[in-house]
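Asker: Before we start, here is the structure in question, set down as structure tokens.
There are 2 protein chains.
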Amino acid sequence: MILTEPIINSITWVNSLALKLQPQLLATTEAENAPIVLTGVLLSLVVIYLASKIGGELSRMIDLPPVLGELVAGVVVGASALHLVVFPESGAVASDSVIMTILQFINNLTPEAVTSIFQSQSEAVSILAELGVIILLFEIGLESDLKELQKVGYQATIVACVGVAVPFAAGTVGLITIFHAPVIPAIFAGAALTATSIGITSKVLSELGQLKSREGQIIVGAAVIDDILGIIVLAVVASLAKTGEVDVFNVIYLIVSATVFLIGSILLGKYFNQSFVAIANKLQTRGNLIIPAFVFAFFMAFLGNAIHLEAILGAFAAGLVLDETDKRKELDEQVKPIADILVPVFFVTVGAKVDLGVLNPLVPENREGLIIATFLIVVAIIGKVVTGWAVFGQAGINRLAVGFGMIPRGEVGLVFAGIGSASGVLDKPLQAAIIIMVILTTFLAPPLLRFAFKQSGEGQELEQADLLG
Amino acid sequence: MILTEPIINSITWVNSLALKLQPQLLATTEAENAPIVLTGVLLSLVVIYLASKIGGELSRMIDLPPVLGELVAGVVVGASALHLVVFPESGAVASDSVIMTILQFINNLTPEAVTSIFQSQSEAVSILAELGVIILLFEIGLESDLKELQKVGYQATIVACVGVAVPFAAGTVGLITIFHAPVIPAIFAGAALTATSIGITSKVLSELGQLKSREGQIIVGAAVIDDILGIIVLAVVASLAKTGEVDVFNVIYLIVSATVFLIGSILLGKYFNQSFVAIANKLQTRGNLIIPAFVFAFFMAFLGNAIHLEAILGAFAAGLVLDETDKRKELDEQVKPIADILVPVFFVTVGAKVDLGVLNPLVPENREGLIIATFLIVVAIIGKVVTGWAVFGQAGINRLAVGFGMIPRGEVGLVFAGIGSASGVLDKPLQAAIIIMVILTTFLAPPLLRFAFKQSGEGQELEQADLLG
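Residue numbers (the UniProt record's numbering), protein chains in the order written: chain H, 1 to 469; chain S, 1 to 469.
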């Protein structure tokens with residue numbers, strides 16, 4: 001019957017011309033705009049990928065970690081400068097977005113349609129970014145070798161705990177007492193100071209030929225534990241932010257549940273591992289390994305969210321579990337290209353969502369934000385440098401090198417900034433301050449480490465040995 | 001200053017409890033609901049992946065192509081049966097979705113919040129499915145060897161053209177004259193009958209040991225050309241649907257622009273190829289190959305959309321171009337896992353969006369839809385069988401086998417159904433009829449081909465030779 005209706009009724013997908021002639025059709029915008037939303041997402045991804053590669057490569061050229069370049073490139077294409085990738089939740093409207101302006105020009109859209117398309121497109125890019133951070137944590141989990149970790153032992157654990165506790169306590173207490181910040185944002189910002197970046201740290205150490213030195217081993221071990229602690233802290237803090245109240249019972253419940261969730265999944269994982277390998281071996285169609293792995297990772301991420309912790313905690317746990325299977329290498333290989341196309345979306349959008357304008361020193365109102373940012377950066381550095389003095393029973397250890405090695409924040413710090421801004425816990429100056437903290441600590445670590453190892457003289461010899469060997 | 005405000009102001013992300021206590025906060029739903037939207041997307045992906053693997057594996061066990069199983073599994077989890085994966089554009093509301101009911105139970109949501117989350121989640125899954133079909137066509141492009149195609153020559157080209165023209169003309173004219181269907185949906189449904197599935201056809205032929213036979217070579221060559229013609233037809237037809245008018249000038253313009261776009265990108269691609277390889281070789285950070293490839297593919301897809309053709313035409317052209325580089329193999333390898341996790345989202349959602357209930361023969365009103373479906377299936381089969389008689393100058397060729405070999409539709413047929421339903425051009429019975437057509441032609445092809453080759457006796461010998469060799 002529907003087939004016998006006149007042509008015009010069967011076409012609900014009208015182009016802009018028809019839209020202007022028949023404004024009553026506006027109600028069906030959603031379906032009509034779907035292809036334009038896709039166009040917007042495609043264009044955003046092209047910009048994000050170009051930015052991430054240009055930023056990453058430039059960063060590598062001047063001997064800095066690529067992730068830093070991706071972040072800075074995000075700042076450049078985002079709300080702070082080019083306005084190519086902007087988001088409504090950071091206060092942008094459709095006309096602020098260069099991509100939306102292009103789409104409006106191509107498709108001759110009404111302002112209402114543009115607003116709706118901007119909203120949908122931004123949501124889609126945000127979901128891709130969130131899938132990116134889930135896969136990033138899954139990959140970090142896959143790469144964290146639990147057995148290797150057990151060997152590094154007490155030294156690394158103590159360094160890690162001190163390196164989490166000191167910046168967290170100093171940051172949170174300082175923000176509350178000196179700057180009269182509300183409790184939840186202060187806790188969130190304090191927590192963002194905790195996690196050392198495994199990736200950045202180990203890369204700098206290997207470039208210095210110090211990865212296998214005593215100091216290097218302690219630093220890398222501590223960075224791994226740090227990451228785990230950091231993710232637990234994030235799960236707890238983000239959950240506090242959701243309920244909006246800090247009561248002791250709740251905090252204890254959250255710490256216990258996050259720890260139980262992580263340790264429980266690792267223990268249960270030992271049984272699951274075998275079934276996982278058996279299933280992957282039995283499947284004969286394409287994606288026989290990656291699809292079961294993603295079912296597991298996404299289900300754990302869902303579970304993490306469902307029990308009011310964080311999706312990334314679940315993905316990280318899934319990675320730790322699957323790391324123990326003998327499919328590990330094959331899985332690693334297959335996750336890599338997926339991470340390559342989704343993780344940059346996360347880093348670039350984290351940068352893009354920050355408006356560095358709020359820290360422009362020429363504007364008098366920004367002064368408080370600037371002072372807070374300076375405070376956070378100082379705490380971030382000192383809080384990690386002191387960890388060198390937490391090492392015990394190791395005569396002649398280069399304490400300064402250990403401390404400096406713990407300084408670079410990175411992925412997990414950015415995860416804090418991203419989740420904090422998405423949840424609205426962090427206001428703009430605080431969010432910008434955290435991003436600046438991540439950038440500066442990562443910039444500072446390589447020269448500081450070089451200085452510390454040169455002081456002891458030991459570094460140069462090893463470095464030379466490395467170069468000669 | 002914002003830091004000195006009371007705690008409650010700094011928490012815009014309230015949980016369900018706070019939401020009930022403070023209904024005025026409803027305005028900020030978007031930001032608050034973001035993590036729940038993510039939870040919904042994760043749960044949908046888990047369901048989609050499980051369905052795709054179970055369907056794909058079962059299908060393979062009974063010797064049918066996995067993609068068919070994924071499609072049927074999509075029908076099972078979708079609007080026709082389990083209601084796990086449903087979409088607002090096919091008329092579902094939030095309470096129809098089992099996943100939304102689960103989320104509502106976990107998070108204790110208001111009905112308004114559920115509606116908004118359902119909308120956002122469905123949009124996100126749809127975008128993932130659209131990225132899936134873009135990557136599918138990019139991959140098909142990467143796998144279509146242009147040089148190989150030139151060898152197959154005239155025979156395959158004629159078979160392909162007849163196999164596109166006959167079902168298209170018979171389907172469209174039949175729908176308009178016999179069933180008095182409006183012109184645009186009739187053209188769209190006719191066009192959906194055109195494309196033979198390369199994947200399905202070549203798999204069945206190789207199982208029969210006939211891939212390298214004269215018939216097999218013609219079938220596969222024709223299927224490749226068929227796919228290219230099919231994508232051009234789709235671009236033209238979808239564009240007609242957008243403007244809503246069939247005028248001769250417009251049709252000619254579209255055919256010319258689609259052909260020029262495809263051939264032009266292949267020709268220009270020869271120059272671009274070398275720069276692409278040079279760039280990929282120069283980049284040193286992760287994703288040095290896949291990110292430039294995706295920038296190109298997504299930009300071409302954007303361009304395809306921007307000039308009012310289809311995104312998939314651009315992605316296909318990008319695949320054809322990059323297929324000619326010496327990075328082809330490495331790229332193939334890296335695109336595979338990405339396709340593995342995104343393409344099933346497309347196939348399962350195409351199945352999920354169909355409501356087979358509209359063809360339930362027990363409901364009297366469905367009779368017309370059923371008759372149309374039967375008509376389409378008959379045209380789909382006869383329109384391809386006749387192609388066997390288009391072969392000339394090949395004495396003793398098994399014409400029936402060539403005709404039967406062209407029967408299975410598949411990916412491209414589903415792309416038609418997906419785009420037709422997203423654009424609202426196809427009403428529900430027509431959309432369901434196309435899906436049934438794809439399923440039935442794919443089911444029928446293997447036994448028919450076996451029968452045809454047994455008749456000639458040639459097949460069995462070759463098959464045995466294959467098994468013995």
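All C-beta atoms, glycine included, are put in the ideal place defined by N, C-alpha and C.
1. Do the stretch 163-170 of chain H and the stretch 226-246 of chain H meet, that is, are 3 or more Cβ pairs less than 8 Å apart?
2. Mind pulling the chain H residues with CB within less than 7 Å of S:GLU123?
3. Taking Cβ-Cβ distances below 7 Å as the criterion, which residues of the stretch 299-310 of chain S are in contact with chain H?
4. Using a Cβ cut-off of 8 Å, pull out every chain H residue sitting near S:VAL46, in sequence order please.
5. Would S:ILE99 and S:LEU43 be called neighbours here (beta carbons separated by less than 8 Å)?
6. Using 8 Å as the threshold, is the C-beta distance between S:ALA339 and S:ILE135 below it?
7. Indicate whether at least one CB of chain S lies closer than 8 Å to the CB of H:TYR49.
8. Could you say which of H:ILE218, H:LEU50, H:ALA189, H:THR194 lies nearest to H:SER202 if we only look at CA atoms?
9. Please list, in chain order, the chain S residues whose beta carbon lies closer than 7 Å to that of H:GLN334.
10. Check the Cβ of H:ALA66 against every Cβ in chain S and list those closer than 9 Å, keeping chain order.
11. What do you get for H:ALA238, buried or exposed, if any count of 16 or more other CB atoms within 10 angstroms of its CB means buried?
12. Does any residue of chain S have a CB that is nearer than 8 Å to the CB of H:GLY56?
13. Quick one: Cα of S:THR442 to Cα of H:ASN288, how far?
14. Please compile the residues from chain S whose C-beta is within a distance smaller than 7 Å of the C-beta of H:ASP340.
15. Counting only beta-carbon atoms, is H:ARG60 nearer than 8 Å to chain S?
16. Check the Cβ-Cβ distances between H:LYS53 and every residue of chain S, and say whether any is below 8 Å.
17. Mind checking whether S:ALA432 and S:ASP355 have CB atoms under 8 Å apart?
18. Just to confirm the assignment, what range does the alpha helix (DSSP H) spanning S:ASN281 have?
19. Near H:ILE266, which residues of its chain fall below 8 Å by C-beta distance, leaving aside the five closest residues on each side in sequence?
20. Determine the extent of the alpha helix (DSSP H) in which S:LEU71 is found, giving its start and end residues.
21. Of all Cβ atoms in chain H, is any one closer than 8 Å to the Cβ of S:VAL72?
22. So is S:PRO361 in contact with chain H if we call contact Cβ pairs under 8 Å?
23. Note down the Cα distance separating H:THR374 from H:THR194, rounded to an integer number of angstroms.
24. Check whether the Cβ of S:PRO446 lies closer than 8 Å to any Cβ atom in chain H.
25. Between S:VAL41 and chain H, is any beta-carbon pair separated by less than 8 Å?
26. With hydrogens ignored, establish whether the beta-carbon of S:GLU310 is closer than 7 Å to any heavy atom of the ligand GDP.
27. According to the Cβ coordinates, are S:SER350 and S:GLY418 closer than 8 Å?
28. So, S:VAL67 versus S:ALA51, is the Cβ gap smaller than 8 Å?
29. Could you check the C-alpha separation between S:VAL391 and S:ALA297 for me, to the nearest Å?
30. Identify whether S:GLU130 lies in helix, strand or coil by the three-state DSSP scheme.
31. Closer than 8 Å, CB to CB, is S:LEU205 near chain H or not?
32. Hey, does H:LEU414 have any beta-carbon neighbour from chain S nearer than 8 Å?
33. So for H:THR28, helix, strand or coil by DSSP?
34. Do you know offhand how far residue 482 of chain S's Cα is from S:LEU205's?
35. Just the Cα atoms here: how many angstroms apart are S:ALA160 and S:VAL220?
36. Which same chain residues, not among the five before or five after S:ALA452, have their C-beta less than 7 Å away from its C-beta?
Answerer: According to the data block:
1. yes
2. One-based indexing of the second sequence puts residue 123 of chain S at position 123. Ordered by position in chain H, the residues that pass the 7 Å Cβ test against S:GLU123 are SER120, GLU123, ALA124.
3. So the list reads PHE299, ALA301, PHE302, ASN305, ALA306, given in the order they occur along the chain.
4. As a first step, residue 46 of chain S must be located in the second sequence, where it is residue number 46. The answer, in chain order, is VAL295, PHE298, PHE299, PHE302.
5. Working through the second sequence from its first residue, we reach residue 99 of chain S at position 99. Working through the second sequence from its first residue, we reach residue 43 of chain S at position 43. Yes. Within cutoff.
6. Indexing the second sequence from 1 puts residue 339 of chain S at position 339. Indexing the second sequence from 1 puts residue 135 of chain S at position 135. In contact: S:ALA339 and S:ILE135 (Cβ atoms closer than 8 Å).
7. Taking the first residue of the first sequence as position 1, residue 49 of chain H is located at position 49. Between H:TYR49 and chain S, the shortest Cβ-Cβ separation is below 8 Å.
8. As a position in the first sequence, residue 202 of chain H is number 202, starting the count at 1. Ranking H:ILE218, H:LEU50, H:ALA189, H:THR194 by Cα distance to H:SER202 puts H:ILE218 first.
9. Within the first sequence, numbered from 1, the residue matching residue 334 of chain H stands at position 334. Under the 7 Å cutoff, chain S gives PRO337.
10. Stepping through the first sequence from its first residue, residue 66 of chain H is reached at position 66. The sequence shown places Pro at residue 66 of chain H, rather than the Ala named in the question. By Cβ distance, chain S contributes GLN284, THR285, ARG286.
11. To locate residue 238 of chain H, count along the first sequence from 1; it is residue 238. Buried, since its Cβ has 16 or more Cβ neighbours within 10 Å.
12. Taking the first residue of the first sequence as 1, we reach residue 56 of chain H at position 56. Yes, contact with chain S.
13. By one-based count along the second sequence, residue 442 of chain S stands at place 442. By one-based count along the first sequence, residue 288 of chain H stands at place 288. Answer to the nearest angstrom: the Cα atoms are 23 Å apart.
14. Here the question's residue 340 of chain H lines up with position 340 in the first sequence. ARG286, GLY287, ILE290, ILE291, listed in chain order.
15. Here residue 60 of chain H is taken as the residue at index 60 of the first sequence, counted from 1. Cβ-Cβ to chain S under 8 Å: yes for H:ARG60.
16. Residue numbering aside, residue 53 of chain H sits at position 53 when the first sequence is read from its first letter. Proximity of H:LYS53 to chain S, defined by a Cβ-Cβ separation below 8 Å, is satisfied.
17. Sequence index remark: in the second sequence, residue 432 of chain S carries index 432 (1-based). Sequence index remark: in the second sequence, residue 355 of chain S carries index 355 (1-based). S:ALA432 places its beta carbon less than 8 Å from that of S:ASP355.
18. As a working mapping, residue 281 of chain S is identified with position 281 in the second sequence. First-last of the alpha helix (DSSP H) with S:ASN281: 248-282.
19. Position 266 of the first sequence holds residue 266 of chain H. Excluding residues within five positions, the ones whose Cβ falls inside 8 Å are LEU146, ALA317, LEU320, VAL321.
20. Here residue 71 of chain S is taken as the residue at index 71 of the second sequence, counted from 1. Taken as a continuous stretch (DSSP letters only), the alpha helix (DSSP H) holding S:LEU71 covers 66-77.
21. If you number the second sequence from 1, residue 72 of chain S lands on position 72. Cβ-Cβ to chain H under 8 Å: no for S:VAL72.
22. For the purposes of this step, residue 361 of chain S is identified with residue 361 of the second sequence, where counting begins at 1. Answer no: the Cβ-Cβ gap between S:PRO361 and chain H never drops below 8 Å.
23. Your numbering for residue 374 of chain H matches position 374 in the first sequence. Your numbering for residue 194 of chain H matches position 194 in the first sequence. Taking the straight line joining both Cα atoms gives about 16 Å.
24. Counted from its first residue, the second sequence places residue 446 of chain S at position 446. So no, S:PRO446 is outside the interface.
25. Residue 41 of chain S sits at position 41 when you count from the first residue of the second sequence. Closer than 8 Å: yes.
26. Judged by which ligands are present, the structure shown has none, so any question about the ligand GDP falls away.
27. As a working mapping, residue 350 of chain S is identified with position 350 in the second sequence. As a working mapping, residue 418 of chain S is identified with position 418 in the second sequence. The identity of residue 350 of chain S in the sequence shown is Val, whereas the question assumes Ser. Contact: yes.
28. Along the second sequence, read from residue 1 onward, the residue named residue 67 of chain S stands at position 67. Along the second sequence, read from residue 1 onward, the residue named residue 51 of chain S stands at position 51. No. Outside cutoff.
29. Reading the second sequence from its first residue, position 391 is the one you call residue 391 of chain S. Reading the second sequence from its first residue, position 297 is the one you call residue 297 of chain S. Approximately 36 Å, taken between the alpha carbons.
30. Stepping through the second sequence from its first residue, residue 130 of chain S is reached at position 130. Of the three classes helix, strand and coil, the one that applies to S:GLU130 here is helix, per DSSP.
31. Residue numbering aside, residue 205 of chain S sits at position 205 when the second sequence is read from its first letter. Output row for S:LEU205: interface = no.
32. By one-based count along the first sequence, residue 414 of chain H stands at place 414. The Cβ of H:LEU414 sits no closer than 8 Å to any Cβ of chain S.
33. Here residue 28 of chain H is taken as the residue at index 28 of the first sequence, counted from 1. Below a pLDDT of 50, predicted positions are generally treated as unreliable, and H:THR28, at 41, falls in that range; no measurement from the model is reported.
34. Lying before the first or after the last residue shown, residue 482 of chain S is absent from chain S, which here runs from 1 to 469.
35. Start at 1 with the first residue of the second sequence, and residue 160 of chain S comes out as number 160. Start at 1 with the first residue of the second sequence, and residue 220 of chain S comes out as number 220. Cα to Cα, the separation comes out at about 10 Å.
36. On the second sequence, position 452 is the one that residue 452 of chain S refers to. Excluding sequence neighbours, S:ALA452 sits near ASN398, LEU400, ALA401, PHE404.
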